[in-house]
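**Student:** Heads up, the sequence shown is in numbering that gives the first Met the number 0, so the first residue is 0 and it goes up one at a time. Even for Gly, the Cβ is constructed at its ideal location relative to N, Cα and C. In this text the structure is predicted, and so the values were computed from the model without any measurement. First the structure, which I've put down as structure tokens, then a few questions once you've had a look.
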Amino acid sequence: MTKQYHDRALDADTLDQLFNEARSYNGWLDKPVNDEQLHAIWDLMKMAPTSANMQPARVVWVKSDEAKQQLAGLVSEGNKAKVVAAPVTAIIGYDIDFHEELPWLFPHTDAKSWFEGNEKLRQEGAFRNSSLQGAYLMLAARALGLDCGPMSGFDNAAVDKAFFADEPRHRSNFICSIGYGDPASIFDRSPRPDFDTFNRIA
0 MTKQYHDRAL DADTLDQLFN EARSYNGWLD KPVNDEQLHA IWDLMKMAPT SANMQPARVV
60 WVKSDEAKQQ LAGLVSEGNK AKVVAAPVTA IIGYDIDFHE ELPWLFPHTD AKSWFEGNEK
120 LRQEGAFRNS SLQGAYLMLA ARALGLDCGP MSGFDNAAVD KAFFADEPRH RSNFICSIGY
180 GDPASIFDRS PRPDFDTFNR IA
């Protein structure tokens with residue numbers, strides 16, 4: 000039973016769905032994910048925090064058979080079947096020139112000027128915050144009753160060329176299959192460290 004530390008804490012079943020019992024799936028049930036569900040994932044993940052609300056993530060939802068086959072040709076051998084079988088695989092990318100959108104995304108100050116002329120700073124910010132947004136995407140999908148299978152085994156440059164050709168300043172970060180996971184496809188859960196193993200309170 001999950002301890003309750005605050006009267007607003009989520010209940011144990013919800014925490015299990017998001018974290019404790021959630022798994023990374025390698026196979027998928029033959030059950031579709033519709034466009035409304037993808038919109039719902041986005042509508043949740045966009046509400047989570049990013050630096051100066053920069054929102055650098057750019058997502059391509061690979062859903063058609065043609066797009067699946069194209070992506071499958073660009074991933075490592077062990078990931079090909081996962082991409083083909085999944086109802087959807089999200090390519091979580093980022094926009095190096097996210098700062099162009101800051102005047103309306105963060106209107107409180109001239110945040111665009113912080114990044115102009117400094118592509119290294121933009122690259123760091125975009126990668127860091129799109130990684131956060133990719134994690135939010137996974138939690139949003141789980142919150143909506145879906146399962147996830149994140150992957151990093153793919154050719155980034157080839158994926159960028161294939162799926163971001165019309166946006167040359169966009170780069171892929173990682174990919175994540177989404178659907179209804181097949182319980183037979185998961186391994187036993189790997190060890191998780193106790194707090195004292197990798198933490199200290201200063």
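#1: Alpha carbon to alpha carbon, what distance is there between S63 and D154?
#2: Excluding the five sequence neighbours on either side, which residues of its own chain have a C-beta within less than 6 Å of the C-beta of A71, listed in chain order?
#3: Based on the DSSP output, what are the partners of G148 in its beta bridges?
#4: Rounded to whole angstroms, what's the CA-CA distance from R93 to V59? Just pull it up for me.
#5: Where S23 and C175 are concerned, what is the direct C-alpha to C-alpha distance, given to the nearest angstrom?
#6: Where does Y135 fall in DSSP's three states?
#7: By Cβ distance, which residues of its chain are closer than 6 Å to P205, with the 5 residues on each side in sequence left out?
#8: Please list, in chain order, all residues of the same chain as F105 whose beta carbon is under 8 Å from its beta carbon, the five residues on each side excluded.
#9: Going by beta carbon distance, what residues of the same chain come within less than 6 Å of A85, once the five residues before and after it are set aside?
#10: By alpha-carbon positions, which one of Q69, S151 and Q16 ends up nearest to R141?
#11: Express the C-alpha separation of A21 and P190 in angstroms, rounding to a whole number.
#12: Does any heavy atom of the ligand NAD sit closer than 8 Å to the C-beta of V83?
#13: Using the Cα positions of A164 and S171, report the straight-line distance between them to the nearest angstrom.
#14: Across which residues does DSSP place W60 in a beta bridge pair?
**Tutor:** The answer reads as follows:
#1: In the sequence shown, the residue the question calls residue 154 occupies position 155. In the sequence shown, the residue the question calls residue 63 occupies position 64. Inter-residue distance for D154 and S63 is about 20 Å (C-alpha atoms, whole angstroms).
#2: For this step, residue 71 is matched to residue 72 along the sequence shown. Taken in chain order, the residues that qualify are K79, V82 and V83.
#3: Counting from 1 along the sequence shown, the entry for residue 148 is found at position 149. Bridge partners of G148: S176.
#4: Taking the first residue of the sequence shown as 1, we reach residue 93 at position 94. Taking the first residue of the sequence shown as 1, we reach residue 59 at position 60. According to the sequence as given, residue 93 is Tyr; it is not Arg. When rounded, the distance between both Cα atoms is 11 Å.
#5: Counting from one through the sequence shown, the residue named residue 23 turns up at place 24. Counting from one through the sequence shown, the residue named residue 175 turns up at place 176. Between S23 and C175, the C-alpha separation is close to 10 Å.
#6: If you number the sequence shown from 1, residue 135 lands on position 136. Reduced to three states, the DSSP call for Y135 is helix.
#7: In this structure the chain extends from 0 to 201, so residue 205 is not present and cannot be described.
#8: Working through the sequence shown from its first residue, we reach residue 105 at position 106. Excluding sequence neighbours, F105 sits near A51, N52 and M53.
#9: Locating residue 85 in the sequence shown gives position 86, counting from the first residue. So the list reads W27, S176 and G178, once near-sequence residues are dropped.
#10: Locating residue 141 in the sequence shown gives position 142, counting from the first residue. The shortest C-alpha separation from R141 is found at Q16.
#11: One-based indexing of the sequence shown puts residue 190 at position 191. One-based indexing of the sequence shown puts residue 21 at position 22. If I take the Cα positions, the gap works out to 14 Å.
#12: The model depicted lacks the ligand NAD and carries no ligand whatsoever.
#13: Position 165 of the sequence shown, counted from the start, is the residue given in the question as residue 164. Position 172 of the sequence shown, counted from the start, is the residue given in the question as residue 171. The straight-line gap separating the alpha-carbon atoms of A164 and S171 is approximately 12 Å.
#14: Sequence index remark: in the sequence shown, residue 60 carries index 61 (1-based). By DSSP's assignment, W60 forms a beta bridge with A89.
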